[in-house]
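What follows is one structure encoded as structure tokens, with my remarks underneath.
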Amino acid sequence: MSSEPVDHTLPAPPSGPAIPWRQVTLFIIVTFALTWLVVLPLYFIDEPRLFQTLYLPIALLMMGIPAFVSWGIVCKTQPKGQRAAALGFSRPRPVGKFLGYLGLAFIIPIGIVLLSLPIAAALGLYTPDLANFSGLQQVFEEAGAGSMPVEMMLLSQIVNVVIAAWVLNVLPALGEEIGWRGWLTPQLLPLGAIPTIAITGVIWGLWHTPLILLGHNYPHLPGWQAVIFMVVFCILIGGILAWLSIRTRSVWPAALGHSTINAIGGLPLIFSADTTFDTAHVGITGTTGWIVTGIVLVVLLVLKSFKPAPVPAVDPRAAWPSDYLPSNTSGPQ
Numbered sequence: 364m365s366s367e368p369v370d371h372t373l374p375a376p377p378s379g380p381a382i383p384w385r386q387v388t389l390f391i392i393v394t395f396a397l398t399w400l401v402v403l404p405l406y407f408i409d410e411p412r413l414f415q416t417l418y419l420p421i422a423l424l425m426m427g428i429p430a431f432v433s434w435g436i437v438c439k440t441q442p443k444g445q446r447a448a449a450l451g452f453s454r455p456r457p458v459g460k461f462l463g464y465l466g467l468a469f470i471i472p473i474g475i476v477l478l479s480l481p482i483a484a485a486l487g488l489y490t491p492d493l494a495n496f497s498g499l500q501q502v503f504e505e506a507g508a509g510s511m512p513v514e515m516m517l518l519s520q521i522v523n524v525v526i527a528a529w530v531l532n533v534l535p536a537l538g539e540e541i542g543w544r545g546w547l548t549p550q551l552l553p554l555g556a557i558p559t560i561a562i563t564g565v566i567w568g569l570w571h572t573p574l575i576l577l578g579h580n581y582p583h584l585p586g587w588q589a590v591i592f593m594v595v596f597c598i599l600i601g602g603i604l605a606w607l608s609i610r611t612r613s614v615w616p617a618a619l620g621h622s623t624i625n626a627i628g629g630l631p632l633i634f635s636a637d638t639t640f641d642t643a644h645v646g647i648t649g650t651t652g653w654i655v656t657g658i659v660l661v662v663l664l665v666l667k668s669f670k671p672a673p674v675p676a677v678d679p680r681a682a683w684p685s686d687y688l689p690s691n692t693s694g695p696q
């Protein structure tokens, strides 16, 4: 018999891919710096007409920065054949399910708004008018559109939402989503679903600060409070967008979801008795929208739905993580 001592220690469990924290940190620093550089001129413009003229082009340029920075990082770290997948442009498989998730990307934000409005009304934050749609009529009158049948006004708004969501807003939204959900989310996903959603949401929310301080989304709130509101909103809705990307291994559903969110900002106006409601509490970015979004997100987490589609990856650094999430996290097992 051997007299050598027996080693009773258990072998260390296999570790998953390390988080590329240097790349993540570089992405955050460069993205934030370029964003402030692009938006800063708006802070020095005193002439309202010039401000309004430059606001949209600058905002659109800002939305492309996350894609630009993440593309630069991928070009430095990934071989040519894997760069598209590293930014969220993997081949949709199976196509039928992919199209289904695209449909959900369009329907879910609209559903969140429509479900949040009764909550806002019950809390006294919103006054609906489903008989005359007086708020919508007021918007048309102020725009100089004149008198128009209610049915035509409603139809025009539906058409506007569809065109804006599926056509006009998609490319600007894609500029953001390539960075947030296409590149950043897969880098953090080994931490688990909840940490990934929280970290990405905080980063995404704070990234909006230059425009939020100028009154974007929450014009009735003090600047610091508006930033906090934006961070909360981005954590919650970012979880839904992350789910869409993780389930499809593609950035496109998140881009369409983001595009739809931007397209339905005025949706509460359609059913409102007036135009004086506070966007801090009404609509998808408001507190009542948070309630519905939070419920949807909790359901997805409880069902452990944040599991990537079972598509084998050639290189785990260039695709979505799937089987290496730590077992002590809230992510899929």
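Taken in order, the sequence shown gives residues 364 to 696; the numbers are from our numbering.
Note that CB positions come from ideal geometry on N, CA and C, so glycine has one too.
Contact check, residue i vs residue j, beta carbons under 9 Å
| i | j | result |
| --- | --- | --- |
| V614 | F452 | yes |
| P585 | T642 | no |
| I603 | I471 | yes |
| N625 | A528 | yes |
| T638 | Q520 | no |
| F496 | F634 | yes |
| T548 | I598 | no |
| P616 | Y489 | no |
| T651 | L477 | no |
| G498 | A636 | yes |
| L554 | I562 | yes |
| W606 | L663 | yes |
| I421 | T656 | no |
Which residues DSSP lists as bridging residue i, in chain order
| i | result |
| --- | --- |
| P491 | S635 |
| S519 | DSSP, once it has assigned bridges, lists no residue as partnering S519. |
| S613 | F452 |
Closest by C-alpha distance to residue i, when choosing among the options
| i | options | result |
| --- | --- | --- |
| T416 | M425, V590, L405 | L405 |
| P631 | P616, K443, G649, G620 | G649 |
| A447 | L518, A430, G463, L462 | A430 |
| V533 | G427, G444, W399 | G427 |
| V458 | F596, L423, T611, L419 | T611 |
| F596 | V645, L607, L552, E410 | V645 |
| L397 | A589, I591, W570 | W570 |
| W399 | P671, F592, L576 | L576 |
Backbone secondary structure at residue i - three-state DSSP
| i | result |
| --- | --- |
| F452 | strand |
| S622 | helix |
| S479 | helix |
| S608 | helix |
| S668 | coil |
| E410 | coil |
| T642 | coil |
| T648 | coil |
| A396 | helix |
Inside the segment 529-563 only - alpha helix (DSSP H) runs reaching at least 4 residues:
533-540, 548-551
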